[in-house]
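Engineer: This is the structure I have questions about; it appears just below.
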Amino acid sequence: MSNSSKLKSAGTKPARAHEPRYRSLEKGKDFLCVLPALIFFFIFVYYPILDLFNISFTNWNLIRDDYKYVGIKNYKWLFTGSGLPTLLKSLKITFSYTFGEIALTLVGGIALATLFSKENRAYSAMRTIVFMPKYIAVATSAVVFSWILDGQYGILNYALGLLGVAPISWLTSEKTALISVLILTGWRVVGYGMLIYLSAMRSISPQYYEAAKLDGANAWQRFRFITIPLISPTTLFLFVTTFISSMKVFQSVDVMTNGGPYESTNVMVYWIYELAFVQFRVDRAAAVACVFFVILLLFTGLTMKVSNKNVYYES
Amino acid sequence: MNKLLRNALAVASLLSVALCGASAQASKYEVKKPIKIQWWHAMESQYTPLIEKVVADFEKENPNIDVEAIYQGSYADLNQKLIAAQAAGTNLPALTVANTPYVAQYGESGLCENLDPYIKATKYDVNDFGTGLRLASSYSGKQVALPFLISTQIMFYNKDMADAEHIKLPSTWAEMDAFLAKATKSEGGKTTRYGTVFPGWDQWYYEPFYLNNGVNIVNKDNATTDLGGAKAVAIAKQLKGWCDKGEAYWAFGKEGSTTMRQNFIDGKAFSVIHTSSLYNMYVTNCKFKVGMAYLPGGTTRNSEIGGCVLLIPAKNSQDVKNAAWKFLTYLTGKKVNMLWARETGYMPTRNSVTKTQEGKDFLAQKPAFKAVFDNIDHIYPRIQHPAYSALSKIWMNEMAKVIIEGGDVQSSMQNAAKLINEALED
Chain A
17 MSNSSKLKSA
27 GTKPARAHEP
37 RYRSLEKGKD
47 FLCVLPALIF
57 FFIFVYYPIL
67 DLFNISFTNW
77 NLIRDDYKYV
87 GIKNYKWLFT
97 GSGLPTLLKS
107 LKITFSYTFG
117 EIALTLVGGI
127 ALATLFSKEN
137 RAYSAMRTIV
147 FMPKYIAVAT
157 SAVVFSWILD
167 GQYGILNYAL
177 GLLGVAPISW
187 LTSEKTALIS
197 VLILTGWRVV
207 GYGMLIYLSA
217 MRSISPQYYE
227 AAKLDGANAW
237 QRFRFITIPL
247 ISPTTLFLFV
257 TTFISSMKVF
267 QSVDVMTNGG
277 PYESTNVMVY
287 WIYELAFVQF
297 RVDRAAAVAC
307 VFFVILLLFT
317 GLTMKVSNKN
327 VYYES
Chain B
483 MNKLLRNALA
493 VASLLSVALC
503 GASAQASKYE
513 VKKPIKIQWW
523 HAMESQYTPL
533 IEKVVADFEK
543 ENPNIDVEAI
553 YQGSYADLNQ
563 KLIAAQAAGT
573 NLPALTVANT
583 PYVAQYGESG
593 LCENLDPYIK
603 ATKYDVNDFG
613 TGLRLASSYS
623 GKQVALPFLI
633 STQIMFYNKD
643 MADAEHIKLP
653 STWAEMDAFL
663 AKATKSEGGK
673 TTRYGTVFPG
683 WDQWYYEPFY
693 LNNGVNIVNK
703 DNATTDLGGA
713 KAVAIAKQLK
723 GWCDKGEAYW
733 AFGKEGSTTM
743 RQNFIDGKAF
753 SVIHTSSLYN
763 MYVTNCKFKV
773 GMAYLPGGTT
783 RNSEIGGCVL
793 LIPAKNSQDV
803 KNAAWKFLTY
813 LTGKKVNMLW
823 ARETGYMPTR
833 NSVTKTQEGK
843 DFLAQKPAFK
853 AVFDNIDHIY
863 PRIQHPAYSA
873 LSKIWMNEMA
883 KVIIEGGDVQ
893 SSMQNAAKLI
903 NEALED
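Protein chains in written order, with our numbering: chain A, 17 to 331; chain B, 483 to 908.
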């Protein structure tokens with residue numbers, strides 16, 4: 017060992033011995049700080065998830081106190097028994113709804129953000145009005161929309177009637193029930209999408225637009241080749257958060273349609289709820305919830321992977 | 483003499499032991515110390531003053547018992563809350579109402595206290611209820627509940643219109659065609675007044691049409707249905723035919739009930755099929771005289787029991803159950819029963835009322851109820867099967883779909899039967 021290396025090691029040795037102890041103490045403190053939150057999460061989030069898997073292997077009917085383990089019986093019912101058609105139908109409905117909500121949030125959000133991007137009091141007031149529905153309770157607005165969309169006494173059909181359109185059974189026809197739920201959703205979410213996009217658009221440097229203008233780009237080209245790529249991280253954020261929240265849609269369906277008519281709005285969470293609290297088949301509800309959990313996890317992971325390749329991060 | 487005295491003493495001691503035993507049994511169910519109990523119910527805000535009065539009167543008679551009456555939403559909401567409390571084993575009510583179809587499920591699972599020992603020990607006159615009512619609140623031979631607010635399916639009609647236009651209400655299924663043709667009005671091919679409205683949001687309302695025409699909704703094997711059979715298909719075709727012709731409509735969806743009521747109140751429907759418990763609501767809101775007609779029959783002319791029973795969750799402590807029993811007997815007592823009947827649209831449930839002067843007085847006050855009183859022996863308990871809720875949902879959906887959206891009735895009913903058989907077997 018050379019002298020210099022001896023010196024180095026002599027100089028660093030005490031620091032190396034001291035630093036880990038200090039750091040581990042700091043880490044311990046950090047851990048203690050987050051421990052209450054972790055305990056809370058474990059009791060109210062992780063333990064129920066683990067228990068859900070456990071329940072899915074039992075025959076627990078909520079109305080009974082006793083249950084026994086039945087192996088994969090509930091999964092057999094779901095994948096090879098009478099549960100399969102409902103699972104496929106319910107997934108289809110849930111994905112249709114999710115597609116609708118994502119489209120409304122993204123397209124509606126961009127459109128409104130472009131429309132209301134000007135800075136003056138009138139536009140500020142309009143932005144507030146468009147955003148406000150987001151803060152009205154879903155159940156409250158769903159009750160109001162149930163009346164607006166009522167086939168016989170609803171104001172929407174009345175207004176359409178003035179234009180010569182025949183009454184539409186919004187909530188009682190399987191062709192229109194999901195659209196009706198999406199009308200309420202659209203009313204609630206476009207304002208939120210608008211606000212997020214507005215902040216993203218304002219963070220784009222005006223120099224890009226000026227340069228593009230000098231190069232002869234028209235408004236559409238500037239929007240297509242500057243705005244859209246530069247707000248793509250926001251689009252990804254909205255896509256992922258809307259995907260996860262819309263896959264879990266429940267309240268509006270519960271209030272407006274009860275999963276009907278003829279199960280045409282029987283989204284996954286509503287089906288799980290019905291299995292557990294109407295039919296009391298907690299065992300089957302747990303199996304469906306576990307499968308749905310895995311589906312959500314897979315799709316979210318897939319979305320992140322695909323979007324990471326296509327999202328433009330300016331930095 | 484000694485022998486006679488000895489025998490007399492033996493008999494006397496036996497009697498005293500028996501009497502002591504009986505009083506010990508009775509005292510087992512007595513409320514000995516002050517207690518606060520909860521009563522869950524599903525009666526909406528218009529009944530709050532009545533509930534408050536009944537509870538106050540009870541507390542006055544029983545100062546040891548403090549009752550907290552809690553409205554828990556609809557029967558379905560209450561059912562969910564009760565099951566959740568039962569699963570958690572906490573916050574169970576001392577006493578609760580339950581919609582009649584839940585009795586089998588609750589009884590089978592052991593949720594309800596067996597009331598037989600209470601009835602025996604306190605000499606409660608359970609036989610004063612009609613046989614049908616007793617059966618509707620019992621499971622497997624045990625009295626697990628007692629009848630409380632009882633109703634049945636009925637046809638409400640516009641009596642002023644019936645009198646003015648000489649419309650005869652149908653007593654048989656075969657008379658329905660003529661009745662609907664006369665009761666319906668149309669202009670330019672568009673219906674301006676429906677002959678009747680079928681409540682398609684709950685199969686309970688049209689179940690009697692099938693039962694009275696010989697359809698076994700659940701066969702004796704408890705695992706199959708006849709709903710895909712020729713008789714059931716024929717009835718479904720008739721129902722669809724009347725709706726297609728515009729003589730009736732199929733009320734469906736979450737607002738189906740509200741819209742149906744409004745149509746009747748507005749005179750846009752001559753009649754509606756609904757629960758007799760809504761008599762007061764119709765009378766209060768209609769500007770015309772409201773009549774009640776018993777549903778038309780086929781080979782039989784029966785209807786089914788609706789409304790709710792009262793039960794005590796078995797997981798409660800004995801002290802709570804004793805207080806609940808005391809309150810239950812008060813609520814189902816003759817005096818309170820008549821109060822419910824007068825103030826709501828529910829029926830008197832006791833033979834000592836329906837078959838006495840009190841019954842006549844009630845009919846004088848609510849003459850439309852004659853249709854129910856005349857047929858009280860033909861009101862039977864609902865079908866009791868653990869898979870009944872699954873069955874009713876499948877049936878309700880298929881009926882609504884084929885009638886409202888269109889399609890082939892036969893294949894629709896057969897599809898319903900296939901799904902129901904799976905549910906029953908499951």
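Glycine residues also receive a C-beta, built at the ideal position from the N, C-alpha and C atoms.
Does residue 79 of chain A have its Cβ less than 8 Å from a Cβ in chain B?
Structural biologist: Yes - at least one Cβ of chain B is within 8 Å of the one on residue 79 of chain A.
Engineer: Residues of chain A with a CB under 7 Å from the CB of residue 734 of chain B: which are they?
Structural biologist: Under the 7 Å cutoff, chain A gives 188, 277.
Engineer: Just to confirm, is the Cβ distance from residue 619 of chain B to residue 625 of chain B under 8 Å?
Structural biologist: For residue 619 of chain B and residue 625 of chain B, yes; Cβs fall inside 8 Å.
Engineer: Just reading off the beta strand (DSSP E) that residue 790 of chain B is part of, what are its end residues?
Structural biologist: 785–793 is the span of the beta strand (DSSP E), which, as asked, contains residue 790 of chain B.
Engineer: Buried or exposed: where does residue 221 of chain A fall if 16 or more other Cβ atoms within 10 Å of its Cβ makes it buried?
Structural biologist: Label assigned to residue 221 of chain A: exposed.
Engineer: Determine, for residue 730 of chain B, whether the minimum Cβ-Cβ distance to residues of chain A falls below 8 Å.
Structural biologist: Not an interface residue.
Engineer: Would you please state the rounded distance, in angstroms, between the beta carbons of residue 133 of chain A and residue 214 of chain A? I believe it to be under 8 Å.
Structural biologist: Correct: roughly 6 Å between the Cβ atoms.
Engineer: Work out the CA separation of residue 546 of chain B and residue 592 of chain B for me, nearest whole Å.
Structural biologist: Their Cα atoms are separated by approximately 29 Å.
Engineer: Hey, how far is the Cα of residue 179 of chain A from the Cα of residue 124 of chain A?
Structural biologist: Going by the C-alpha atoms only, they are around 25 Å apart.
Engineer: Whole alpha helix (DSSP H) runs in the stretch 563–648 of chain B with 4 or more residues, listed along the chain?
Structural biologist: Within the stretch 563–648 of chain B, the complete alpha helix (DSSP H) runs of at least 4 residues are 584–591, 598–603, 613–618, 641–647.
Engineer: Helix, strand or coil: which one does DSSP assign to residue 832 of chain B?
Structural biologist: Strand, per DSSP.
Engineer: Is the Cβ-Cβ distance between residue 94 of chain A and residue 307 of chain A less than 8 Å?
Structural biologist: Cβ atoms of residue 94 of chain A and residue 307 of chain A: closer than 8 Å.
Engineer: Is there a Cβ of chain B sitting closer than 8 Å to that of residue 274 of chain A, yes or no?
Structural biologist: Cβ-Cβ to chain B under 8 Å: yes for residue 274 of chain A.
Engineer: Would you identify the three-state DSSP class for residue 319 of chain A, choosing helix, strand or coil?
Structural biologist: In this structure, residue 319 of chain A counts as helix in the three-state DSSP scheme.
Engineer: Measuring only the C-alpha atoms, how far is residue 608 of chain B from residue 614 of chain B?
Structural biologist: Going from the Cα of residue 608 of chain B to the Cα of residue 614 of chain B covers about 12 Å.
Engineer: Considering Cα atoms alone, identify which of B:709, B:595, B:594, B:655 is closest to residue 895 of chain B.
Structural biologist: Selected option, being the one with the closest Cα: B:709.
Engineer: Taking 8 Å as the threshold (beta carbon to beta carbon), is residue 169 of chain A in contact with chain B?
Structural biologist: True, the Cβ-Cβ gap to chain B drops below 8 Å.
Engineer: Anyone know if the C-beta pair for residue 631 of chain B and residue 794 of chain B falls short of 8 Å?
Structural biologist: No. Outside cutoff.
Engineer: Is the Cβ-Cβ distance between residue 205 of chain A and residue 74 of chain A less than 8 Å?
Structural biologist: No. Outside cutoff.
Engineer: List the residues of chain B whose Cβ lies closer than 8 Å to the Cβ of residue 294 of chain A, in chain order.
Structural biologist: Neighbours of residue 294 of chain A on chain B, chain order: 558, 562, 871.
Engineer: Using a Cβ-Cβ cut-off of 8 Å, state whether residue 741 of chain B counts as contacting chain A.
Structural biologist: Yes - at least one Cβ of chain A is within 8 Å of the one on residue 741 of chain B.
Engineer: Three Cβ pairs or more, each shorter than 8 Å: is that satisfied between the stretch 798–811 of chain B and the stretch 705–719 of chain B?
Structural biologist: Contact between the stretch 798–811 of chain B and the stretch 705–719 of chain B is absent, because fewer than three Cβ pairs lie under 8 Å.
Engineer: Could you run through the stretch 624–655 of chain B and flag, in chain order, every residue whose CB is less than 7 Å away from some CB of chain A?
Structural biologist: Residues passing the 7 Å Cβ filter: none.
Engineer: Starting from the beta carbon of residue 98 of chain A, find every residue of chain B whose beta carbon is closer than 7 Å, and list them in chain order.
Structural biologist: Chain B residues near residue 98 of chain A: 904, 908.
Engineer: In chain order, what residues of the same chain have a beta carbon less than 8 Å from the beta carbon of residue 149 of chain A, not counting five sequence neighbours either side?
Structural biologist: Here the set comprises 157, 203, 204, 207.
Engineer: Please confirm if residue 798 of chain B has its CB atom under 8 Å from at least one CB of chain A.
Structural biologist: So no, residue 798 of chain B is outside the interface.
Engineer: If I follow the unbroken alpha helix (DSSP H) through residue 541 of chain B, where does it start and stop?
Structural biologist: Looking at the DSSP string, the run of the alpha helix (DSSP H) that includes residue 541 of chain B is 530–543.
Engineer: Per DSSP, which residues does residue 860 of chain B bridge with? Please list them.
Structural biologist: In the DSSP output, where bridge partners are listed per residue, residue 860 of chain B has none listed.
Engineer: Per DSSP, what kind of secondary structure is residue 776 of chain B in: helix, strand or coil?
Structural biologist: In the structure shown, residue 776 of chain B sits in coil (DSSP, three-state: anything other than H, G, I, E or B).
Engineer: Indicate whether residue 654 of chain B and residue 779 of chain B have their beta-carbon atoms separated by less than 8 Å.
Structural biologist: For residue 654 of chain B and residue 779 of chain B, yes; Cβs fall inside 8 Å.
Engineer: Between residue 166 of chain A and chain B, is any beta-carbon pair separated by less than 8 Å?
Structural biologist: Cβ-Cβ to chain B under 8 Å: yes for residue 166 of chain A.
Engineer: Which residues in the same chain as residue 873 of chain B place their Cβ atom closer than 8 Å to its Cβ, once the five residues preceding and following it in sequence are excluded?
Structural biologist: Answer for residue 873 of chain B: 699, 700, 707, 867, 902, 905, 906, listed in chain order.
Engineer: Is residue 818 of chain B helix, strand or coil by DSSP?
Structural biologist: Looking at residue 818 of chain B - three-state DSSP - the assignment turns out to be helix.
Engineer: What would DSSP say about residue 681 of chain B, mapped onto helix, strand or coil?
Structural biologist: Here residue 681 of chain B sits in strand by DSSP.
Engineer: Residue range of the beta strand (DSSP E) that residue 753 of chain B falls in?
Structural biologist: 753–757 is the extent of the beta strand (DSSP E) around residue 753 of chain B.
Engineer: Taking the alpha helix (DSSP H) that residue 659 of chain B falls in, what are its first and last residues?
Structural biologist: First-last of the alpha helix (DSSP H) with residue 659 of chain B: 658–665.
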